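Protein chains: 2
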Amino acid sequence: MRSVYVDDLQNHVGETVTVRGWLYSKRSSGKLLFLIVRDGAGLAQCVLFKGAVSPELFELADSLTQESSLKVTGEVKKEERAPGGYEISVTGLEVVQITKDYPITPKEHGTAFLMEHRHLWLRSSRQHSILRVRHEIIKACRDFFDSRGFTLVDTPIFTPAACEGTTTLFETQYFDQKAYLTQSGQLYNEATAAAFGKSYCFGPTFRAEKSKTRRHLMEFWMVEPEVCFAELEEVMQLAENLVVFVVQRVLENRQEDLKVIERDIAKLEQVRSPFPRLSYDEAVKTLRESGSGIEWGDDFGAADETMLSLMHDRPVMVHRYPTSVKAFYMQPDASRPEVALCVDVLAPEGYGEIIGGGQRVHEESLLRQRIAEHHLPEEAFRWYVDLRKYGATPHGGFGMGIERVVAWVCGIEHVRETIPFPRMLYKIYP
Amino acid sequence: MRSVYVDDLQNHVGETVTVRGWLYSKRSSGKLLFLIVRDGAGLAQCVLFKGAVSPELFELADSLTQESSLKVTGEVKKEERAPGGYEISVTGLEVVQITKDYPITPKEHGTAFLMEHRHLWLRSSRQHSILRVRHEIIKACRDFFDSRGFTLVDTPIFTPAACEGTTTLFETQYFDQKAYLTQSGQLYNEATAAAFGKSYCFGPTFRAEKSKTRRHLMEFWMVEPEVCFAELEEVMQLAENLVVFVVQRVLENRQEDLKVIERDIAKLEQVRSPFPRLSYDEAVKTLRESGSGIEWGDDFGAADETMLSLMHDRPVMVHRYPTSVKAFYMQPDASRPEVALCVDVLAPEGYGEIIGGGQRVHEESLLRQRIAEHHLPEEAFRWYVDLRKYGATPHGGFGMGIERVVAWVCGIEHVRETIPFPRMLYKIYP
Numbered sequence: 004m005r006s007v008y009v010d011d012l013q014n015h016v017g018e019t020v021t022v023r024g025w026l027y028s029k030r031s032s033g034k035l036l037f038l039i040v041r042d043g044a045g046l047a048q049c050v051l052f053k054g055a056v057s058p059e060l061f062e063l064a065d066s067l068t069q070e071s072s073l074k075v076t077g078e079v080k081k082e083e084r085a086p087g088g089y090e091i092s093v094t095g096l097e098v099v100q101i102t103k104d105y106p107i108t109p110k111e112h113g114t115a116f117l118m119e120h121r122h123l124w125l126r127s128s129r130q131h132s133i134l135r136v137r138h139e140i141i142k143a144c145r146d147f148f149d150s151r152g153f154t155l156v157d158t159p160i161f162t163p164a165a166c167e168g169t170t171t172l173f174e175t176q177y178f179d180q181k182a183y184l185t186q187s188g189q190l191y192n193e194a195t196a197a198a199f200g201k202s203y204c205f206g207p208t209f210r211a212e213k214s215k216t217r218r219h220l221m222e223f224w225m226v227e228p229e230v231c232f233a234e235l236e237e238v239m240q241l242a243e244n245l246v247v248f249v250v251q252r253v254l255e256n257r258q259e260d261l262k263v264i265e266r267d268i269a270k271l272e273q274v275r276s277p278f279p280r281l282s283y284d285e286a287v288k289t290l291r292e293s294g295s296g297i298e299w300g301d302d303f304g305a306a307d308e309t310m311l312s313l314m315h316d317r318p319v320m321v322h323r324y325p326t327s328v329k330a331f332y333m334q335p336d337a338s339r340p341e342v343a344l345c346v347d348v349l350a351p352e353g354y355g356e357i358i359g360g361g362q363r364v365h366e367e368s369l370l371r372q373r374i375a376e377h378h379l380p381e382e383a384f385r386w387y388v389d390l391r392k393y394g395a396t397p398h399g400g401f402g403m404g405i406e407r408v409v410a411w412v413c414g415i416e417h418v419r420e421t422i423p424f425p426r427m428l429y430k431i432y433p
Numbered sequence: 004m005r006s007v008y009v010d011d012l013q014n015h016v017g018e019t020v021t022v023r024g025w026l027y028s029k030r031s032s033g034k035l036l037f038l039i040v041r042d043g044a045g046l047a048q049c050v051l052f053k054g055a056v057s058p059e060l061f062e063l064a065d066s067l068t069q070e071s072s073l074k075v076t077g078e079v080k081k082e083e084r085a086p087g088g089y090e091i092s093v094t095g096l097e098v099v100q101i102t103k104d105y106p107i108t109p110k111e112h113g114t115a116f117l118m119e120h121r122h123l124w125l126r127s128s129r130q131h132s133i134l135r136v137r138h139e140i141i142k143a144c145r146d147f148f149d150s151r152g153f154t155l156v157d158t159p160i161f162t163p164a165a166c167e168g169t170t171t172l173f174e175t176q177y178f179d180q181k182a183y184l185t186q187s188g189q190l191y192n193e194a195t196a197a198a199f200g201k202s203y204c205f206g207p208t209f210r211a212e213k214s215k216t217r218r219h220l221m222e223f224w225m226v227e228p229e230v231c232f233a234e235l236e237e238v239m240q241l242a243e244n245l246v247v248f249v250v251q252r253v254l255e256n257r258q259e260d261l262k263v264i265e266r267d268i269a270k271l272e273q274v275r276s277p278f279p280r281l282s283y284d285e286a287v288k289t290l291r292e293s294g295s296g297i298e299w300g301d302d303f304g305a306a307d308e309t310m311l312s313l314m315h316d317r318p319v320m321v322h323r324y325p326t327s328v329k330a331f332y333m334q335p336d337a338s339r340p341e342v343a344l345c346v347d348v349l350a351p352e353g354y355g356e357i358i359g360g361g362q363r364v365h366e367e368s369l370l371r372q373r374i375a376e377h378h379l380p381e382e383a384f385r386w387y388v389d390l391r392k393y394g395a396t397p398h399g400g401f402g403m404g405i406e407r408v409v410a411w412v413c414g415i416e417h418v419r420e421t422i423p424f425p426r427m428l429y430k431i432y433p
């Protein structure tokens with residue numbers, strides 16, 4: 004018997020097929036028994052009429068419990084009332100395992116319980132849909148860069164030094180020396196961009212932040228493009244184009260999943276070019292007028308970001324932050340060196356920062372000075388300084404945090420649901 | 004002036020454009036000066052006629068050194084003798100930086116020197132081409148799974164326990180506990196496959212092996228599919244289809260790069276279905292006949308793998324190894340429990356193992372027994388055992404090591420050239 008996946012039933016109407024999966028739910032009305040079977044690709048309504056099948060088969064089907072694994076065989080029929088529009092008239096059933104006491108039932112469970120059972124929670128329709136949206140977002144990012152002449156480079160995870168601040172590093176013994184888990188592939192990307200003109204990396208990054216907020220994970224994925232000869236304006240345009248492209252892709256391909264998550268689609272449809280652009284100066288002024296206690300020179304707190312983010316119906320780009328609150332590699336604005344040629348993109352609806360980037364220092368002596376001021380180990384950055392000695396160019400790029408984008412696009416409260424196995428403070432199980 | 008990339012020159016014939024890049028090489032014949040400019044997308048021949056441009060411009064162009072960064076402006080002309088088929092008649096030149104004493108010159112350098120300058124070595128044409136092939140291979144893997152109903156899941160890097168043996172773990176302090184860097188996403192994939200039917204992960208994995216061979220890196224990327232209800236035969240077919248697809252894609256899209264690397268294309272064209280399949284028993288017999296000292300029950304050494312690999316013109320699949328030499332999660336063959344339902348795929352031309360996989364134990368009591376026998380921490384594997392309690396199914400998958408595939412497809416000796424910044428024994432710079 005031909006095994007098919009549920010999303011392919013439409014191509015087998017009138018044929019007898021086998022679906023392999025798990026019992027999602029069951030309902031009966033005396034002579035009729037409906038099995039809803041999930042196989043990961045979709046839900047199939049499988050129906051048994053008491054008179055039409057053997058008593059043994061009916062009884063076997065009736066004995067199935069939630070998440071029992073099975074192979075169900077029958078004829079595919081068009082049935083508009085069934086989820087997906089097709090139904091299987093069951094003529095055969097092979098039970099692989101009867102599941103006893105499946106821990107996650109249709110009743111409400113607390114988050115701690117669900118997180119402890121994350122390996123099973125992934126099977127529920129909402130988590131399933133969120134992770135399919137995640138897949139779509141990742142694929143969209145890759146397609147975006149692949150079709151625009153960027154070369155993918157996988158930057159290293161083990162690094163000899165910090166990039167984004169030394170207080171949040173995970174350390175490991177690397178044979179006879181210490182190594183740190185990467186916080187960003189950017190520095191390496193600057194080398195690959197000089198080789199490929201445009202490059203991007205896409206991998207896990209790590210920050211040992213002792214914070215338990217809805218926006219933080221210890222392990223998160225970032226996509227980071229870097230472009231030689233690009234100045235701030237070009238970096239901002241690239242970021243805007245990427246965000247519009249990604250949201251559009253999800254709207255095109257993941258309507259069903261957005262429905263399951265109960266996402267307000269209208270909000271995503273507003274994500275169109277051009278995004279509002281705001282200098283840090285203007286942002287501070289606006290925040291103060293709205294009651295924030297922020298002073299010029301302060302970095303934004305989460306509350307400030309949320310406030311700015313709520314003021315717009317689409318992502319807002321805040322540029323030219325004070326040099327003092329940004330990383331050592333940020334290029335100062337030539338006309339006003341106290342601000343850096345950088346940009347943060349804040350997602351709407353209060354989601355806050357999803358992208359951070361800008362132009363990098365491309366002049367050797369200034370970079371050396373910055374490395375010294377930040378007490379960074381000169382030896383570990385020797386290769387990075389080399390990039391300013393041999394064919395330096397203005398260049399820039401950004402990093403986009405995937406989990407925050409997934410949280411925003413799905414409209415969910417906490418990033419912990421945006422990755423299969425989130426790594427949070429004190430938590431690495433399962 | 005419109006900036007264009009070199010691979011787009013064909014669309015600008017007759018127009019005046021600017022190319023931004025670096026001087027790759029230069030040659031002159033008195034009145035004619037040829038600048039070969041690389042911009043990451045390709046090489047552009049830029050020509051200056053002494054009489055046709057100002058003496059200042061000619062002199063400036065003549066003063067350029069290898070890897071100087073520049074913007075060159077001129078009219079695009081069709082010119083069959085130029086690399087890429089187009090030429091720029093230079094009318095303007097902006098020098099961004101004159102590079103002094105670029106360390107990598109056209110003369111021969113030793114590997115140690117080149118590895119120490121990996122951040123610059125990436126700019127040379129051979130390294131450039133290898134990494135473009137790498138990009139193609141990664142994209143091909145993702146396209147393969149994306150178009151076959153697999154859901155991408157990013158499995159965690161921080162894990163509480165070992166998967167492939169405890170002696171090769173990188174350890175880190177994770178707040179109040181120890182965490183280990185993942186050796187494989189497989190165990191987590193078994194959970195996601197039960198949620199999505201078919202899933203794959205694709206990320207960096209880590210093995211702290213104190214070995215300095217041409218096949219080992221401490222940090223390497225793996226693509227790992229996992230399929231519920233799949234038995235060994237289906238796993239083998241999936242692996243074969245993937246390898247054929249990937250090689251085909253490289254042949255279709257990376258001919259130019261394969262030429263730069265001087266790869267013998269004929270060898271890659273032989274990579275077609277079906278792949279020869281050999282049981283471990285047969286493999287041992289063949290090896291002994293060929294002079295190997297291997298005994299039944301031994302794992303293959305590198306020399307054995309090379310020998311088997313050299314006997315075939317395409318990848319060979321060796322299945323059913325002794326259970327005792329394989330990981331704890333391997334499903335035994337029901338008819339012969341001393342062998343496991345597993346498969347290794349060995350690339351031809353002596354490249355050895357590129358894929359390892361098989362069916363996983365799906366029965367709870369056997370899995371518990373294996374965990375105990377292997378002295379694995381029961382608590383850390385609780386969730387993994389759960390997968391055998393709640394809707395267990397036969398299932399399987401495999402892992403394909405990207406760097407080994409890149410080495411084979413490119414026909415290069417050592418995996419260190421297959422990733423931008425290789426992490427080898429004692430070496431994390433640059």
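Residue numbers (our numbering), protein chains in the order written: chain C, 4 to 433; chain Z, 4 to 433.
Glycine included, each C-beta is placed from N, C-alpha and C at the ideal position.
Note that this is a predicted model, so its numbers are computed, not measured.
Close beta carbons around residue i, own chain, < 8 angstroms, minus the five adjacent residues each side
i	result
C:Val247	Val274, Arg275 and Ser276
Z:Tyr8	Val22, Asp42, Gly43, Ala44 and Gly45
Z:Leu155	Arg145, Phe148, Asp149, Ser202, Tyr203, Cys204 and Phe205
C:Pro423	Arg121, Leu125 and Leu134
Z:Trp224	Ile141, Phe205, Gly206, Pro207, Thr208, Gly404, Ile405, Glu406 and Ile422
C:Glu366	Arg391 and Ala395
Z:Ala306	Ser295
Beta-carbon proximity list for residue i, same chain, < 7 angstroms, skipping 5 on both sides
i	result
Z:Leu390	Glu193, Ala194 and Ala197
C:Thr309	Gly353 and Gly355
Those residues which DSSP pairs with residue i across a bridge
i	result
C:Ile91	C:Cys49 and C:Val79
C:Arg339	C:Asp336
Z:Ser202	Z:Thr154 and Z:Glu229
beta-carbon residue i near the ligand GDP non-hydrogen atom, thresh 7 angstroms
i	result
C:Ile297	No copy of the ligand GDP occurs in the structure displayed, which carries no ligand at all.
Any C-beta of chain Z under 8 angstroms from that of residue i
i	result
C:Arg145	yes
C:Gln189	no
C:Pro163	yes
C:Trp411	no
C:Gln258	no
C:Ala115	no
C:Thr102	yes
Close beta carbons around residue i, own chain, < 6 angstroms, minus the five adjacent residues each side
i	result
C:Ile358	Ala242, Val348, Phe401 and Met403
Z:Gly24	Val40, Arg41 and Asp42
C:Val328	Asp302
Opening and closing residue of the alpha helix (DSSP H) in which residue i lies
i	result
Z:Met387	It is Tyr, not Met, that sits at residue 387 of chain Z in the sequence shown. That run of the alpha helix (DSSP H) goes Arg385 to Lys392.
C:Asp307	Ala305 to Leu313
Partners in chain Z for residue i, counting only beta-carbon separations shorter than 7 angstroms
i	result
C:Leu123	Asp389 and Tyr393
C:Val22	Near C:Val22 there are no residues of chain Z at all, since even the closest Cβ is about 10 angstroms away, more than 7 angstroms.
Start and end residues, beta strand (DSSP E) containing residue i
i	result
C:Lys29	Thr19 to Ser32
Z:Pro228	Glu222 to Cys231
C:Phe401	His398 to Gly404
Short CB-CB distance (under 8 angstroms) between residue i and chain C
i	result
Z:His138	yes
Z:Arg217	no
Z:Phe37	no
Z:Ser131	Checking the sequence, you will find His at residue 131 of chain Z rather than Ser. Z:His131 counts as touching chain C.
Z:Val156	yes
Z:Val99	yes
Amino acids of chain C, ordered along the chain, whose beta-carbon sits closer than 8 angstroms to that of residue i
i	result
Z:Thr70	The identity of residue 70 of chain Z in the sequence shown is Glu, whereas the question assumes Thr. Tyr393 and Gly394, listed in chain order.
Amino acids of chain Z, ordered along the chain, whose beta-carbon sits closer than 8 angstroms to that of residue i
i	result
C:Ala47	Those do not exist, as C:Ala47 stays about 12 angstroms from chain Z at its closest Cβ, beyond 8 angstroms.
Under 9 angstroms from the C-beta of residue i: neighbouring residues of chain Z
i	result
C:Gly152	Tyr8, Asp10, Asp11, Gly43 and Ala44
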